[in-house]
Amino acid sequence: MTGDIRFYRNWGDNNDLISFNVTVKETDLYILAQKNLTRKAYKAVSKYREILERYIKRNPSFKNSLEPLLPEVDAPVIIKEMAKAGKNTGVGPMAAVAGAIAEFVGKDLLEYSPEVIIENGGDIFIKTSKVRHIGIYAGDSFFTKKIGIEVLPEDTPLGVCASSGTVGHSLSLGKADAVVVISPSSILADASATAIGNLVKTESDIPQGIEFAKRIKGIKGVLIIKQDKMGIWGNIRISQN
94 MTGDIRFYRN WGDNNDLISF NVTVKETDLY ILAQKNLTRK AYKAVSKYRE ILERYIKRNP
154 SFKNSLEPLL PEVDAPVIIK EMAKAGKNTG VGPMAAVAGA IAEFVGKDLL EYSPEVIIEN
214 GGDIFIKTSK VRHIGIYAGD SFFTKKIGIE VLPEDTPLGV CASSGTVGHS LSLGKADAVV
274 VISPSSILAD ASATAIGNLV KTESDIPQGI EFAKRIKGIK GVLIIKQDKM GIWGNIRISQ
334 N
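Below, the structure is given as structure tokens:
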């Protein structure tokens, strides 16, 4: 679960794709695809939101817990995936909600477009057939608008998810300007970004965040920014803007 980092939306190199927005209650998606899939995306978002809302109504702790939870045996797949990501990173399941919506909707839309990019408040699901660059917004940090993440088509589908303790309104126990995690799972990337971000309060905490990231099975790389300091680990390609 990330801050509201929608500055991403104007920083990509995606003029070959059609862009459109889909908003359902608190969910506000920016979507790029080879055709306008607004109606299908709206239907998908509504479906997954309804699943989440119905489950939370029966299990209120799922929404509010900051600790991992064990889902019911017959829980919907999206619920189980969020809970699994929370367990693997030590955070509550809702820390993965934005990445989960982006990924589940994105995979539905791949039936209609071979390329799909979905941004949900700084959390991205991407399937692309060409190299893409995703801009990074890190508040007042020196690195804002100066660097980005390069995504190769052979690495997709891919989750690129961000968390911030200084940008946006979502809950973070840390003070990182940006933590960006890449993983084949947008759900795991989202939860991981939150968990790593919780550890970073000053520049001196960046190495601790990197070491924690190394222990999360399933993520491919992490970028941590605090003011004018940056730490990088893994297979994450940095581009200059």
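Residue numbers for the sequence shown follow this note's numbering, so the first one is 94 and each next one is one higher.
Ideal Cβ placement from N, Cα and C applies to all residues, glycine included.
This structure is a prediction, so every number in the text was calculated from the model and none was measured.
Keeping to the same chain, check which residues put their C-beta closer than 7 Å to that of residue 292; ignore five residues upstream and five downstream. As a first step, residue 292 must be located in the sequence shown, where it is residue number 199. Once the five neighbours on either side are set aside, the close Cβ partners of residue 292 are 267, 298, 301, 302, 305.
Which stretch, first to last residue, makes up the alpha helix (DSSP H) that contains residue 204? As a first step, residue 204 is located in the sequence shown; it is residue number 111 there, counting from the start. Careful: residue 204 lies outside any alpha helix (DSSP H) and carries neither H nor E.
Assess contact between the stretch 250-257 and the stretch 152-161, defined as three or more Cβ pairs (one per stretch) separated by less than 8 Å. Is contact present? no
What does DSSP give as the partner residue(s) for residue 318 in the beta ladder? Within the sequence shown, the letter at position 225 stands for residue 318. DSSP, once it has assigned bridges, lists 271, 323 as partnering residue 318.
Residue 236 - containing alpha helix (DSSP H), residue span: By one-based count along the sequence shown, residue 236 stands at place 143. It is not in any alpha helix (DSSP H) - residue 236 carries neither H nor E in the DSSP assignment.
What's the C-alpha gap between residue 312 and residue 233? As a working note, residue 312 is residue 219 in the sequence shown. As a working note, residue 233 is residue 140 in the sequence shown. Near 27 Å, if we compare the C-alpha coordinates of residue 233 and residue 312.
Taking the alpha-carbon positions, what's the residue 287 to residue 191 distance? Within the sequence shown, the letter at position 194 stands for residue 287. Within the sequence shown, the letter at position 98 stands for residue 191. Using only the alpha carbons, I get a separation of about 11 Å.
Could you tell me which residues DSSP puts in a beta bridge with residue 301? For this step, residue 301 is matched to residue 208 along the sequence shown. For residue 301, which the question treats as bridged, DSSP gives no partner whatsoever.
Can you tell me where the alpha helix (DSSP H) holding residue 292 begins and where it ends? For the purposes of this step, residue 292 is identified with residue 199 of the sequence shown, where counting begins at 1. Start and end: 279-292.
State the Cα-Cα distance for the pair residue 330 and residue 275, rounded to the nearest angstrom. Translated into the one-based positions of the sequence shown, residue 330 becomes position 237. Translated into the one-based positions of the sequence shown, residue 275 becomes position 182. Near 10 Å, if we compare the C-alpha coordinates of residue 275 and residue 330.
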